[in-house]
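Asker:
Residue numbers (the working numbering), protein chains in the order written: chain W, 17 to 415; chain X, 397 to 887.
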């Protein structure tokens, strides 16, 4: 039986660019910014990197296809580089490739880098794009908020929750992330907001308002990974290791068959359980110190708390309003601001989450430093609630 | 006995107040104010001649077995395609099968009455029944009399020997090249001549020339006609023609101008469906169609006229209305103004014809699959059965779903995405007996959608590809009110 990825690979170094509307920065500029921080942190030379995984989510609109943009931007030494794309899970997918390569023994040191240059396309929000020749003929023109807003209708119907009560909990999610983002110098949105502002903002897709939506940003994040033995040999202490990497992909069940009621993410539940098993976590509420979840919209974060077993089913509204996931709560969520305020350059997001875990474990998180964080769960969700890709990474201190 | 066996009607829900048209235009033409009574039916952005024809056809099929239809004629002067048989699209959306006679009949306001005469004179088809669908979405110039008085709508008739409600007694046609209005090859809008000349030299001369001959031929006295159908946007002309013929004033079928306006070549058929709803057994019904001459057709209502009623019918279609005061939106829907679409509206909407043909059962027929192994209904149908307990390969039979009611599972009103009439409503629909699909909604009034609301399926325009002059169709869900039976899950 497979033994899983737990503690086989550690992070040698990480880097993350400033996220935001980087009008003056090209995709290559963003990649270099993240990479230079990362390689300095790793304390190795570029020639020591043996393999690379490159993640970009909407390639037609920004960096272009294939692995070439990474290899060219960093002037890598003709090493094997693989381009990965799995919607919003892209960054974590690049990381998974690099981690698996090291764990397999195919190489000692691997690079994972994710980037997205969204602000060159002229859209507010994510660009409207084709869903494929056949799908375009009959799919609704659902925008990202339009697809995730439906979680609210499903959740309200299932749990009999009043519209205004759910909206208030959604507002709390965003207010908390803005408060966290304000403390993060690399975050895209750094202004605190009030619950009232969030509730009264114009609707984007009922019941999602402007402040229920995450930032659409330019940015890049990267990691260099190796084995614990090599990291020690290179003089590293306070190692941070990979505990679990899981991915669950819809097969049409929610959209076409099951009694799925639209109030939760089936793939998140599956991936979370697999990740807990892989990491040997029995009691997530007691063992997980922090989460970075896919808060593309406030309602997504809210239902994800239940899908990750951090709230009882139907109780996320209560727990959110109770402050359980605030910076000083039971399990802080999006301590770096999350997609909501750190921003969401699609291909970089999964790596950005791991970057925050890494800083927290090494006591380098500045004003937002948590005390005694030892195990973090990161969650990405690509696609739509009824048809999606969910990746979960669990990262922790190597003890 | 041979004649009309079924009928159906469709009038777009949206009814634009004529006062709103006059308010916007009387600075230019004060006489419009005199016409500003009532309202006119207007197509939603996603409706056209084809979609309305499908709606009317579906209503007609509530009285007619789709498998018995061997002929489908579509009559209209506003067919969306000049070269792509529109009636084939309608027949496939109605799931009339692959072997039937189809034809588009056009180019005159009597297109529908002429098509009807052709069907009636052809007699019984091999399969037993023939269908005529007449549908019209006429565009007109801003601030014109036509804009005030015309409306959009469609009607359908079934012809055969099984269940005759109106026996065919005969027909007559008088032809003359009388050009009261025309639309040339390169024009999108009509050009009209003087109203009084059209009345005196047109209606009042042309209709009697055809009608008198038919009355003589049939041995019927004009005074015995119980229902006289003559469509005209001139409110008093049908009565004047009736008087000249000796038909009683009571027999003149109301043109319903205040309620919907005149729906072009479809209007005579719409009015005929209206007459069927109040005709009594034994009533004589004369249908006239005017345009480069006149068609007249004579029917006699049978005992079945009172019992055989379609699901919606003319009265139901007239009643199902949504008041509208927004003249600008009407102009926008009819492409009479160049409108900002926003960045998201710029996305290329090319239709890939090979893929569209491959998917035509889903796109046009709304046909899903039902697994022979486990009975699971699924749409779209894919290679493997979606039931994870089954997963059989190539195990699904065609399963038409356009008539199956559904219920909303999840929904939203999206203001970010591009839509010709924002917000875009869409969501996950679960069908009675199984199957679910993330799909667009249409005809949604604010507050009418919630999880659990019953919906029905409607053939609508999905997208326009203006760059290449194409339009794509698909099915959308519309809240059907709460009158439907509770949704049962499973078979």
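A virtual CB, placed ideally from N, CA and C, is assigned to each residue, including glycine.
With respect to the beta strand (DSSP E) encompassing residue 808(X), which residues constitute its N-terminal and C-terminal limits?
Answerer: Within the second chain, the letter at position 412 stands for residue 808(X). Residue 808(X) -> beta strand (DSSP E) spans 802 to 810.
Asker: Nearest CA to the CA of residue 786(X): which residue from 159(W), 269(W), 39(W), 87(W)?
Answerer: Against the second chain, residue 786(X) aligns to sequence position 390. Ranking the options by Cα distance to residue 786(X), first place goes to 269(W).
Asker: Does the Cβ of residue 472(X) have 16 or more other Cβ atoms within 10 Å, making it buried, or fewer, making it exposed?
Answerer: In the second chain, counting from the first residue as 1, residue 472(X) sits at position 76. Buried, because 16 or more other Cβ atoms sit within 10 Å of the Cβ of residue 472(X).
Asker: I need the boundaries of the alpha helix (DSSP H) containing residue 375(W), first residue and last residue.
Answerer: Residue mapping note: residue 375(W) aligns to position 359 of the first chain, counting from 1. Looking at the DSSP string, the run of the alpha helix (DSSP H) that includes residue 375(W) is 362 to 377.
Asker: Residue 783(X) versus chain W: which residues are under 8 angstroms apart at the beta carbon?
Answerer: Here residue 783(X) refers to the residue found at position 387 of the second chain. The contacting residues are 273.
Asker: Cβ closer than 9 angstroms: which chain X residues qualify as neighbours of residue 221(W)?
Answerer: Position 205 of the first chain, counted from the start, is the residue given in the question as residue 221(W). The answer, in chain order, is 808, 809, 810, 811, 812, 813, 819, 820.
Asker: Can you tell me whether residue 374(W) is buried or exposed? The criterion is at least 16 other CB atoms within 10 Å of its CB, across all chains shown.
Answerer: In the first chain, the residue the question calls residue 374(W) occupies position 358. Answer is buried; the Cβ neighbour count reaches 16.
Asker: Please tell me whether residue 740(X) has its Cβ less than 8 angstroms away from any Cβ of chain W.
Answerer: On the second chain, residue 740(X) is found 344 positions in, with the first residue counted as 1. Closer than 8 angstroms: yes.
Asker: What are the complete alpha helix (DSSP H) segments, minimum 4 residues, inside the stretch 42 to 123 of chain W?
Answerer: Here the runs fully enclosed are 43 to 58, 84 to 90, 106 to 120.
Asker: Can you give me the Cβ contacts of residue 851(X) inside the same chain, cut-off strictly under 8 angstroms, excluding the 5 residues immediately before and after it?
Answerer: Here residue 851(X) refers to the residue found at position 455 when the second chain is read from its first residue. Same-chain partners within the cutoff: 801, 802, 803, 804, 825, 837, 873, 874, 875, 876.
Asker: What do you get for residue 543(X), buried or exposed, if any count of 16 or more other CB atoms within 10 angstroms of its CB means buried?
Answerer: Locating residue 543(X) in the second chain gives position 147, counting from the first residue. Per the 10 Å Cβ criterion, buried.
Asker: For the beta strand (DSSP E) containing residue 179(W), list its first residue and its last residue.
Answerer: Locating residue 179(W) in the first chain gives position 163, where the first residue counts as 1. Counting along the chain, residue 179(W) falls outside any beta strand (DSSP E), though it belongs to the alpha helix (DSSP H) covering 179 to 197.
Asker: Hey, could you find the ends of the beta strand (DSSP E) residue 321(W) is sitting in?
Answerer: As a first step, residue 321(W) must be located in the first chain, where it is residue number 305. Counting along the chain, residue 321(W) falls outside any beta strand (DSSP E), though it belongs to the alpha helix (DSSP H) covering 314 to 323.
Asker: Would you kindly work out how many angstroms separate the C-alpha atoms of residue 820(X) and residue 809(X), rounded to a whole number?
Answerer: What you label residue 820(X) is simply residue 424 of the second chain in a count that begins at 1. What you label residue 809(X) is simply residue 413 of the second chain in a count that begins at 1. Going from the Cα of residue 820(X) to the Cα of residue 809(X) covers about 5 angstroms.
Asker: Can you name the residues that DSSP bridges to residue 866(X)?
Answerer: Counted from its first residue, the second chain places residue 866(X) at position 470. According to DSSP, which records beta bridges pairwise, residue 866(X) is partnered with 861(X).
Asker: Out of 94(W), 307(W), 32(W), 71(W), which one is the CA nearest neighbour of residue 62(W)?
Answerer: Here residue 62(W) refers to the residue found at position 46 when the first chain is read from its first residue. With distances taken between Cα atoms, residue 62(W) lies closest to 94(W).
Asker: Expressed to the nearest angstrom, what Euclidean distance is found between the alpha-carbon atoms of residue 547(X) and residue 411(X)?
Answerer: For the purposes of this step, residue 547(X) is taken as residue 151 along the second chain, with counting starting at 1. For the purposes of this step, residue 411(X) is taken as residue 15 along the second chain, with counting starting at 1. Put simply, the backbone Cα of residue 547(X) is about 9 angstroms away from that of residue 411(X).
Asker: Rounded to whole angstroms, what is the Cα-Cα separation between residue 479(X) and residue 743(X)?
Answerer: On the second chain, residue 479(X) is found 83 positions in, with the first residue counted as 1. On the second chain, residue 743(X) is found 347 positions in, with the first residue counted as 1. Rounded to the nearest whole angstrom, the C-alpha separation of residue 479(X) and residue 743(X) is 26 angstroms.
Asker: Return the residue from the list 665(X), 692(X), 822(X), 760(X) that minimises the CA-CA distance to residue 798(X).
Answerer: In the second chain, counting from the first residue as 1, residue 798(X) sits at position 402. That would be 760(X), whose Cα lies nearest to the Cα of residue 798(X).
Asker: How would you list, in chain order, the residues of chain X whose beta-carbon sits under 7 angstroms from the beta-carbon of residue 158(W)?
Answerer: Translated into the one-based positions of the first chain, residue 158(W) becomes position 142. The contacting residues are 810, 813, 822.
Asker: For residue 733(X), count neighbouring Cβ atoms within 10 angstroms of its own Cβ and tell me buried if that reaches 16, exposed if not.
Answerer: For the purposes of this step, residue 733(X) is identified with residue 337 of the second chain, where counting begins at 1. Exposed, by the Cβ-count rule.
Asker: Can you list the residues of chain W that residue 790(X) reaches, using a CB-CB cut of under 7 angstroms?
Answerer: Here the question's residue 790(X) lines up with position 394 in the second chain. Going along chain W, no residue has its Cβ under 7 angstroms from residue 790(X), so there is no contact; the nearest lies around 16 angstroms.
Asker: Can you grab the Cα-Cα spacing for the pair residue 169(W) / residue 162(W), in whole Å?
Answerer: Position 153 of the first chain holds residue 169(W). Position 146 of the first chain holds residue 162(W). Cα-Cα distance, rounded: 11 angstroms.
Asker: Given residue 885(X), which residues of its chain have a CB within under 7 angstroms of its CB, disregarding the five upstream and five downstream residues?
Answerer: The sequence position of residue 885(X) within the second chain is 489, counting from 1. Note that residue 885(X) scores a pLDDT of 34, beneath 50, so its modelled location is shaky and nothing firm can be said.
Asker: Based on the DSSP secondary-structure assignment, which residues constitute the bridge partners of residue 875(X)?
Answerer: Position 479 of the second chain, counting from 1, holds the residue named residue 875(X). Bridge partners of residue 875(X): 851(X).
Asker: Have a look at residue 718(X) and residue 439(X) and give me their C-alpha separation to the nearest angstrom.
Answerer: In the second chain, the residue the question calls residue 718(X) occupies position 322. In the second chain, the residue the question calls residue 439(X) occupies position 43. Taking the straight line from one Cα to the other gives about 12 angstroms.
Asker: By how many angstroms is the C-alpha of residue 457(X) removed from the C-alpha of residue 879(X)?
Answerer: Along the second chain, read from residue 1 onward, the residue named residue 879(X) stands at position 483. Along the second chain, read from residue 1 onward, the residue named residue 457(X) stands at position 61. Note that residue 879(X) scores 37 on pLDDT, short of 50, meaning its location in the model is unreliable; the coordinates nonetheless yield the value given after this. Looking at the two C-alpha atoms, the distance is approximately 20 angstroms.
Asker: In terms of residue numbering, what span does the alpha helix (DSSP H) encompassing residue 634(X) cover?
Answerer: Within the second chain, numbered from 1, the residue matching residue 634(X) stands at position 238. 633 to 641 is the extent of the alpha helix (DSSP H) around residue 634(X).
Asker: Just grab the DSSP bridge partners of residue 27(W) for me.
Answerer: Here residue 27(W) corresponds to residue number 11 of the first chain, with the count starting at 1. DSSP, once it has assigned bridges, lists 241(W) as partnering residue 27(W).
Asker: Please report the residue range of the beta strand (DSSP E) in which residue 413(W) lies.
Answerer: Taking the first chain and counting its residues from 1, the one referred to as residue 413(W) is at position 397. Residue 413(W) -> beta strand (DSSP E) spans 403 to 413.
Asker: How about residue 217(W): is its C-beta nearer than 8 angstroms to some C-beta of chain X?
Answerer: Taking the first residue of the first chain as position 1, residue 217(W) is located at position 201. No, its Cβ sits nowhere closer than 8 angstroms to a Cβ of chain X.
Asker: Per DSSP, residue 308(W) forms a beta bridge with which residues?
Answerer: Locating residue 308(W) in the first chain gives position 292, where the first residue counts as 1. Answer is 394(W), bridged to residue 308(W).
Asker: Check this for me: beta carbons of residue 128(W) and residue 110(W), under 8 angstroms apart or not?
Answerer: Counting from 1 along the first chain, the entry for residue 128(W) is found at position 112. Counting from 1 along the first chain, the entry for residue 110(W) is found at position 94. Result yes, Cβ atoms of residue 128(W) and residue 110(W) sit closer than 8 angstroms.
Asker: Which residues, in chain order, does the stretch 762 to 777 of chain X contribute to contact with chain W at a C-beta distance below 8 angstroms?
Answerer: Answer in chain order: 772, 774, 775, 776.
Asker: So, using beta-carbon positions, are residue 125(W) and residue 240(W) closer together than 8 angstroms?
Answerer: Counting from 1 along the first chain, the entry for residue 125(W) is found at position 109. Counting from 1 along the first chain, the entry for residue 240(W) is found at position 224. Yes; because the gap between Cβ atoms is below 8 angstroms, this pair is in contact.
Asker: Does the Cβ-Cβ distance between residue 158(W) and residue 171(W) come in under 8 angstroms?
Answerer: In the first chain, counting from the first residue as 1, residue 158(W) sits at position 142. In the first chain, counting from the first residue as 1, residue 171(W) sits at position 155. Result no, Cβ atoms of residue 158(W) and residue 171(W) do not sit closer than 8 angstroms.
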